[in-house]
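Chains as they are written, first to last, in the working numbering: chain A, 1 to 316; chain B, 1001 to 1316; chain C, 2001 to 2316.
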Amino acid sequence: MVRHLVESQQLSVDALFKIFKRADFLRAHQKSTLKNKLLTTLFYEPSTRTRLSFESAMLKLGGSVIGTESAKEFSSVSKGESLEDTIRVIGAYSDIIVLRSSEEGAALSASMISKVPIINGGDGKGQHPTQAILDLYTIYREFKRLNNLKIAIVGDLKSGRTVHSLCYLLGKFKNIKIILISPPHLKVGENIKEYLTKHKIFFEEREDMNSILPFVDVVYMTRIQKERMCKTEYDKANGCYKINLSNINLLRRNTRIMHPLPHVTEIDLPFEVEENDPRVAYFRQAENGLYVRMAILEDLLLSKRSSRLSILQRRR
Amino acid sequence: MVRHLVESQQLSVDALFKIFKRADFLRAHQKSTLKNKLLTTLFYEPSTRTRLSFESAMLKLGGSVIGTESAKEFSSVSKGESLEDTIRVIGAYSDIIVLRSSEEGAALSASMISKVPIINGGDGKGQHPTQAILDLYTIYREFKRLNNLKIAIVGDLKSGRTVHSLCYLLGKFKNIKIILISPPHLKVGENIKEYLTKHKIFFEEREDMNSILPFVDVVYMTRIQKERMCKTEYDKANGCYKINLSNINLLRRNTRIMHPLPHVTEIDLPFEVEENDPRVAYFRQAENGLYVRMAILEDLLLSKRSSRLSILQRRR
Amino acid sequence: MVRHLVESQQLSVDALFKIFKRADFLRAHQKSTLKNKLLTTLFYEPSTRTRLSFESAMLKLGGSVIGTESAKEFSSVSKGESLEDTIRVIGAYSDIIVLRSSEEGAALSASMISKVPIINGGDGKGQHPTQAILDLYTIYREFKRLNNLKIAIVGDLKSGRTVHSLCYLLGKFKNIKIILISPPHLKVGENIKEYLTKHKIFFEEREDMNSILPFVDVVYMTRIQKERMCKTEYDKANGCYKINLSNINLLRRNTRIMHPLPHVTEIDLPFEVEENDPRVAYFRQAENGLYVRMAILEDLLLSKRSSRLSILQRRR
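Next up, the structure:
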């Protein structure tokens, strides 16, 4: 049975820690475990960052890469082919596929028929599980724990898919407090709130950010996603929340500022602060993505299905 | 003298079988025969499938790949450079070039001046020889013979370039019967008919498909190519010919359905049938392309010119 | 301290000869010195030729490549991210970055903050130092000297950035005479003239080309860059200067015609002349780019900072 990584709920706490340990190991050691393995990056929506980090991960493990950064425009889909057929054909050319799509559910559909592992590299307003895993790995590296944490998530919580995946993963740990900070029209969806309630995760929703900053371990900023809302919504939301020199010192010395990047106006700190203030964690976070993706590629390509700790087969 | 693969007529029956045997071998064995060899995929017209299969073939043989999937837009041609000059420069950077163009004759022009082998990856309404070779290889694998076959070719026989290359290759075998099924305005060109007549290949032209289905070994479906005709022509042709649950059982158990893919409405079978009915051969056909292309890359890069069985130097 | 290649002034005469010698060596020997090293080609402006030659250079040295040929359209910059942030993130995924931009100064900005070496692959009207180095390497290979040369540079000397970089490098050698030939509205900028004067390089400006041809060692043709001027300017300039069968024999037998390519109407010679007349040096020049880029990649990735002969750290 082929295993896929479609959504962050698939990952048990043990599987997460197995990935984190392997990521720590791969950061320190050069390994060529994926020699003779071939990755396809099939991107229907641009994402240079996600694509390049997966490709770098594969190449650093000795594997090879083929791919397209603009499948929408150039591929057979423009001739009317179904995604499923494309996956079946490309699955014959390569050993694993990272799929990025603007359609929610695309990775799930692909995983239903694919004979090679599918990694969801983002599916519209759906999930982006490797982003959530690297976010969690970053918290783990910065705090040496994943329990007993107070985390403010700030910005567009409605369409920000990294937020959804992250909340699902945080739900697996103990004594987590989540403060969801957003303008009223960009609040997190009901399904996430139900999930958090069901898993007894404490959360509260707020509109003001600054009053919360002194009390959190992590402030996780997100970009207002212009491309996923109308102009009126964007103008109302843009500029609501900013970390800059006037409020950064509301944060405790051991608090961490995270961001899935790219950031625009919501973070406005000088280069020297970004380089030297240990609270700025988002560039370390981006680098962590490389090692997490190396560990995930290895897990999906090398782990035996019986392995209790590896990424679970998604139940259909 | 550099050898190129420009059109399917270049290939003798012996050369074809040499490629088929090598493709069978490469399917079963991991080989790194093309270490230190570099392929450029130079695509002036999008074709993710053809490009990715060539790149996969090269990488699986230990070689490396550079390329562009949108040469038209991005390359020096947009600054007014001739194709010949582009080929001369890129030939200095790599050991072999796969060229895809919307201009008929582009691969021939390139091969006239190139110092490295040129593979025609499709030249507009011209040829697509590696597609024809993989089609033939598929028939060979499914039937264990290439003589004594009855083959229906269905759809847009006017602009479908895979049809042209395939007919040229079928012309080399004995007791082949070709039934050309198309709407009146999309009939195959006179040059193909003359070729078939000259090589004593029996063929007939028909408009109805279903009455033929019980009598053929292969039904080779093709897509009505919207992008190569006007809307009126397209509307007249679209939907004329379909394989679906209502007529698939007109086919004998050992008949094979082939298609160069991508398919749109001309094949409409449920997933379970596509996966389990042995008559559905088009996904095996797509996979065969990988191994055929590996064998072709090897032949052009490694065979000595004197080798009697390799791809012939095209006469100019 | 990380070293970058931002502008041609960085290179001492000794460093240039070190690169030329290594380029000569790499032309003759297969080396895998960059195993486990990863190059990113980050191109905000199309340049298939420059990109492919860097990628080929990296792969031939055993390294790996990731990249994007249309960063402008597809990358996070389209979401509003700064170039500096993109560089910081991509620097975490790879060991060296070739940056191509339409903005003058982009490579300098990138080099100010990057933790991995930046190579300027062209920055708008700014510089294109590897082009200038390969130009000089070509003169060195054709004449076995870089002193005592008379060089005509012809065409758009205002926006032609290769001309700027080349003049800066020629300024390092003895008894060089430069004849700058252009229409009045496309003369070379004052800054270059000041540089040449300061370095006691003899130069003169002319409008007529043919009268000069019998007296030069090199005629360096450039393309009138349609994309960098208005239509009126282009029409005035286009067709002013041409090398064709009617004037090529004004050149001495040991004169060399160079061109950064792609060329359009400014060179109009039949294929046989381009292949057989030793004066046509521009295809050898293009090939030289591969070996020069191999040597530069090695220098930036392998040389110790202390190495007196390697590319200098740019003073900020």
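Note that beta-carbon positions come from the ideal geometry of N, C-alpha and C, so glycine has one too.
Using a Cβ-Cβ distance cut-off of 8 Å, the region 138–152 of chain A and the region 122–130 of chain A are not in contact, since fewer than three pairs of beta carbons, one from each stretch, lie closer than that value. Under the three-state reduction of DSSP output, Arg256/A falls in the strand class.
Under the 9 Å criterion on CB atoms, Glu1007/B is classed as non-interfacial with respect to chain C. The C-beta of Gly289/A has 16 or more other C-beta atoms within 10 Å across all chains shown, which makes the residue buried. Taken through DSSP and simplified to helix, strand or coil, Leu2180/C comes out as strand.
The beta carbon of Ser1303/B sits closer than 7 Å to those of Ser1310, all from its chain and outside the five residues before and after it, given in chain order. Under DSSP, Phe1043/B forms a beta bridge with Arg1100/B.
Cβ-Cβ distances below 8 Å link Leu1039/B to Phe1054, Glu1055, Met1058, Gly1063, Ser1064, Val1065, Ile1066, Gly1067, Ser1094, Asp1095, Ile1096, Ile1097, Val1098 and Leu1297 in the same chain, with the five nearest sequence neighbours on each side left out; the list follows chain order.
Judged by pairs of C-beta atoms under 8 Å, the region 80–89 of chain A touches the region 1256–1267 of chain B, as three or more such pairs exist.
Only those residues of the region 2092–2105 of chain C whose C-beta falls short of 9 Å from the nearest C-beta of chain A are listed: Ala2092, Tyr2093 and Ser2094.
In this structure, the alpha-carbon of Val1188/B lies about 40 Å from that of Thr2265/C.
Of all residues in the region 2021–2039 of chain C, only Asn2036 and Leu2038 come within less than 9 Å of chain A when Cβ atoms are compared, listed by chain position. Using a Cβ-Cβ cut-off of 9 Å, Ala2071/C counts as an interface residue toward chain A, since at least one Cβ of chain A sits closer than that to its own. Put simply, the region 190–208 of chain A touches the region 160–178 of chain A. At least three CB pairs are less than 8 Å apart. Taking 9 Å as the cut-off, the Cβ atoms of Leu251/A and Pro270/A do not count as close. With three or more CB-CB distances shorter than 8 Å, the region 1004–1013 of chain B counts as touching the region 1100–1115 of chain B. Between Tyr1137/B and the set Arg1161/B, Ala1152/B and Leu1166/B, the nearest pair of CA atoms involves Leu1166/B.
With fewer than 16 other beta carbons inside 10 angstroms of its own, Ser211/A counts as exposed. Of the candidates Leu196/A, Ala295/A and Leu301/A, Ala295/A places its Cα closest to the Cα of His29/A. Around the beta carbon of His1164/B, 16 or more other beta carbons sit within 10 angstroms, so the residue counts as buried. Sorting His185/A, Lys172/A and Val219/A by C-alpha distance to the C-alpha of Thr197/A places Lys172/A at the top. Take the alpha-carbon of Glu1069/B and the one of Lys18/A: they are about 38 Å apart.
Shown in chain order are the members of the region 242–267 of chain A whose Cβ falls below 9 Å from a Cβ of chain C: Leu261, Pro262, His263, Val264 and Thr265. Residues of chain B with a Cβ closer than 7 Å to the Cβ of Thr2138/C do not exist, since the nearest Cβ in that chain sits about 13 Å away. Between Phe2283/C and Glu2272/C, the gap from beta carbon to beta carbon reaches 9 Å or more. Of the candidates Leu1026/B, Tyr1291/B, Leu1061/B and Thr1041/B, the residue whose Cα lies closest to the Cα of Gly1091/B is Thr1041/B. Here Pro1046/B is buried: its Cβ has 16 or more other Cβ atoms, across all protein chains shown, within 10 Å.
Chain B has no Cβ within less than 9 Å of the Cβ of Glu55/A.
With its beta carbon less than 9 Å from one in chain C, Thr1068/B belongs to the interface. The C-alpha of Asn2247/C is placed about 15 Å away from the C-alpha of Asn2254/C. Using beta-carbon distances, Lys2060/C counts as an interface residue toward chain B, with a partner under 9 Å. Less than 9 Å divides the Cβ of Ile133/A from the Cβ of Val292/A. In this structure, the CA atom of Gln1010/B is about 52 Å from the CA atom of Tyr2168/C.
Listed along chain B is no residue with a C-beta nearer than 8 Å to that of Ser114/A; the closest approach is about 12 Å.
At least one C-beta of chain A is nearer than 9 Å to the C-beta of Thr2086/C. Take Ala1106/B, set aside five residues on each side of it, and the residues of its chain with a beta-carbon closer than 7 Å to its own are Leu1083, Leu1099 and Asp1123, in chain order.
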